[in-house]
Amino acid sequence: MDFSVAPAPFLPAAGAEPGTAWPRWIRMFDNFLVAVGGGSFSAARKEAILLTCLGAEGQRIFESLPAAVKQEGEDQYAFTRRRLEAQFAPRQNVCVERYRFRSRVQQTEETVQQWVSILRQLASSCEYGDRTDEFIRDQVIERTNSSKLRQRLLMEGSDLTLERTLTISDTLESAEPGVRIDRERIRPLLEAAEPRDEKSLRAFLGAVGSERNGVADGLSRLPVAETWWPDDDSIQIAALSLAAAVTEEELRDASASDECLDVIRGYLAGRWPRQRDVDPRATGFYQVRDELSQLGPLLFRGERLVVPAALRERVLRNAHEGHQGETRTKQRLRAQFWWPRLDKEVRDLLRSCEVCTQHDGHVRQERPPLQPIPLPDGPWQRLMIDVIGPMQGPQHERYGIVLCDMFSSAHPLLGTQKSCSQPLSNPKVYRPGG
Ligand SMILES: [Zn+2]
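Residue 330 in UniProt numbering sits at position 330 of the sequence shown, and the numbers go up by one each step.
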């Protein structure tokens, strides 16, 4: 036999550290054995080769090992190998292993069964021997995240076996369906980008489920398929249906059966007729025909959804929730929805809203829209002045005059006085931060 390709002796000299760690050395030996056709060798011959490769110092240690008992079905080679393994394999730090075992608490999404199988793995290097089950049982009692289970187990007394522990936990877990979270089922949510603004939050919620069904129900209906995560279009539609407080299904059904939208879909599929030949139901769309597009039965004007007639009142009422004034109601709608004569319908709704009319006696007056002030060419050309107060402070400094330069946006506080009716004497100038 050619020993020139055998691994170097495990221990190079007396008292020396192994040149190669045992797990690696024994793998090298296995390879060598295969290379010399050792598969067909007898156990005694393999043992002899192993000891030869081990080298003189290794053999000396082997011979000094305490006597051991061969396990059932174990041949001479396996027996020797196991004894060498016990001697040379690096020892695990039992303290560290036990610490890891005891620190392993039940995770929120984990059943007791799953947890216990992990504890069993950890316990295998803890040298708990035949008390392993006992330690696992104690760990379950101490570190379960269900106080109900803990109480129940503590009532069992000291005869409680690990098997019984698992039976009890199974019963309790199945009595509380829906409490466990199956991470796999909510994976799309866990992996979804964190919503950063209102729009992405709406999209996120829309993907989970409609407002009416609630998030929890949406979760339970999430399919598991790989291809689940929706494309941009379906996120957009989900967000729109959420904003309109209608389900996507209602939106699709109502759009599909809307006569007017049907006419438009016909035009979009072919071409628009001349204005005077347009179907009277579709006239409100003619002006915006270049902005219209179609996605399944849904119609869009740009990014905005064309709400089918049957759902318009609901969408309107939803936008008017909280009895917002006309401007707010319109703003809420216009960002996401469109249909012809939308503005007029908002006005009509507000006039007919009982709460709004009863509360104010008349329809709430719309505030004039904010007008931007043109930027002046330089500082001190255009100033705004106002009196502020009363403020906290000494009696003679209760009121102040604020002067704002429209160019620089600086706000010097010009002077203070006891009351705003007194003439300004000894004006003091305060500057922001000064
Ligand atoms: Zn109202």
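Virtual Cβ for every residue (Gly too), placed ideally from N, Cα, C. Bear in mind the structure is a predicted one, so any value in this text is a computation, not a measurement.
### Query
With which residues is Ile61 paired in a DSSP beta bridge?
In the DSSP secondary-structure assignment, Ile61 is not bridged to any residue.
### Query
What are the start and end residues of the alpha helix (DSSP H) that includes Gln151?
If you look at Gln151, you'll find it in the alpha helix (DSSP H) that goes 147-154.
### Task
With a 10 Å radius around its C-beta and 16 neighbouring C-beta atoms as the bar for buried, classify Val116 as buried or exposed.
Buried.
### Query
With distances taken from CA atoms, which of Trp338, Trp22, Glu156 is nearest Ala86?
Checking every option, the nearest Cα to that of Ala86 belongs to Trp22.
### Query
Does the distance from the CB of Val306 to the CB of Leu350 come in under 8 Å?
Cβ distance not < 8 Å, so Val306 and Leu350 don't count as in contact.
### Query
Could you give the residue range of the beta strand (DSSP E) that holds Ser293?
Segment 292-295, the beta strand (DSSP E) holding Ser293.
### Leu350 beta carbon near ligand 1 (any heavy atom closer than 7 Å)
Within the cutoff, so yes.
### Task
Go ahead and label Leu375 buried or exposed: buried means 16 or more other beta carbons lie within 10 angstroms of its beta carbon, across all protein chains shown.
Leu375 comes out exposed.
### Query
Start and end of the alpha helix (DSSP H) containing Met28?
Membership of Met28 in the alpha helix (DSSP H) is indicated by the continuous run 22-35.
### Query
According to DSSP, what are the bridge partners of Asp159?
Checking the DSSP bridge columns, you'll see Asp159 has no partner listed.
### Query
Just how far apart, CA to CA, sit Asn145 and Arg398?
In a straight line, the C-alpha of Asn145 is about 59 Å away from that of Arg398.
### Whole-angstrom distance between Phe407 and Val288, CA atom to CA atom
Here the C-alpha atom of Val288 lies approximately 40 Å from the C-alpha atom of Phe407.
### Query
Could you check where the alpha helix (DSSP H) with Val307 kicks off and where it finishes?
That residue, Val307, is in no alpha helix (DSSP H); it is neither H nor E in DSSP.
### Query
Where does Tyr128 sit, in a helix, a strand or coil, going by DSSP?
It is coil, neither helix nor strand.
### Message
Would Lys330 and Asp343 qualify as a contact pair, given that the criterion is a beta-carbon distance under 8 Å?
### Response
Closer than 8 Å, so yes.
### Cys260 - containing alpha helix (DSSP H), residue span
For Cys260, the enclosing alpha helix (DSSP H) starts and ends at 259-269.
### Query
In terms of residues, what are the limits of the beta strand (DSSP E) holding Cys53?
That residue, Cys53, is in no beta strand (DSSP E); its alpha helix (DSSP H) goes 43-54.
### Query
How would you call Phe3, buried or exposed, if buried means at least 16 neighbouring beta carbons within 10 angstroms?
The residue is exposed, with fewer than 16 neighbouring Cβ atoms inside 10 Å.
### Query
Cβ of Cys356 versus every heavy atom of ligand 1: is any distance shorter than 7 Å?
Under cutoff, so the answer is yes.
### Query
Expressed to the nearest angstrom, what Euclidean distance is found between the alpha-carbon atoms of Phe79 and Ile49?
Cα to Cα, the separation comes out at about 14 Å.
### Task
Could you spell out where the alpha helix (DSSP H) holding Asp386 opens and where it closes?
For Asp386, no alpha helix (DSSP H) segment is defined; the enclosing uninterrupted segment is the beta strand (DSSP E) at 383-388.
#### Entry: Own chain residues within Cβ distance below 8 Å of Arg100, not counting five before or after
Cβ within range, chain order: Leu122.
### Query
For Gly15, does the three-state DSSP call read helix, strand or coil?
In the structure shown, Gly15 sits in coil (DSSP, three-state: anything other than H, G, I, E or B).
### Task
Name the two residues that bound the continuous alpha helix (DSSP H) containing Arg301.
Not the alpha helix (DSSP H): Arg301 falls in the beta strand (DSSP E), residues 298-301.
### Message
Is Cys260 close to ligand 1? I mean its beta-carbon at under 7 Å from any heavy atom of the ligand.
### Response
The nearest non-hydrogen atom of ligand 1 is 7 Å or more from the C-beta of Cys260.
### Query
Residues in its own chain within less than 6 Å of Met28 by CB, not counting five upstream and five downstream?
Closer than 6 Å at Cβ, skipping near neighbours: Pro7.
### Task
Could you tell me whether the Cβ atoms of Leu292 and Leu251 are closer together than 8 Å?
A distance of 8 Å or more separates the beta carbons of Leu292 and Leu251.
### Task
Alpha carbon to alpha carbon, how far is Pro308 from Leu243? Give it in angstroms, no decimals.
One detail in the question is off: residue 243 reads as Ala in this sequence, not Leu. Straight-line spacing of the CA atoms in Ala243 and Pro308 works out to 15 Å.
### Task
Within the same chain, show all residues whose beta-carbon is closer than 7 Å to that of Gly284, passing over the 5 residues directly before and after it, in chain order.
Excluding sequence positions up to five before and after Gly284, its CB lies within less than 7 Å of the CB of Pro340, Arg341, all in the same chain and listed in chain order.
### Message
Applying the 10 Å Cβ sphere with the 16-neighbour rule, what's the burial state of Leu65?
### Response
Answer is exposed; the Cβ neighbour count stays below 16.
### Query
Three-state secondary structure (DSSP) at Leu316?
Taken through DSSP and simplified to helix, strand or coil, Leu316 comes out as helix.
### Task
Buried or exposed for Val215, please, with buried defined as at least 16 other CB atoms from any protein chain shown within 10 angstroms of its CB.
Legend: pLDDT at Val215 = 39, less than 50; position of this residue unreliable, value from coordinates given subsequently. Answer is exposed; the Cβ neighbour count stays below 16.
### Limits of the beta strand (DSSP E) - the one that Val94 falls within
Note, Val94: premise wrong, no beta strand (DSSP E); alpha helix (DSSP H) at 94-103.
### Message
With the cut-off set at 8 Å, would you say Val5 and Ala43 are in Cβ contact?
### Response
Cβ distance not < 8 Å, so Val5 and Ala43 don't count as in contact.
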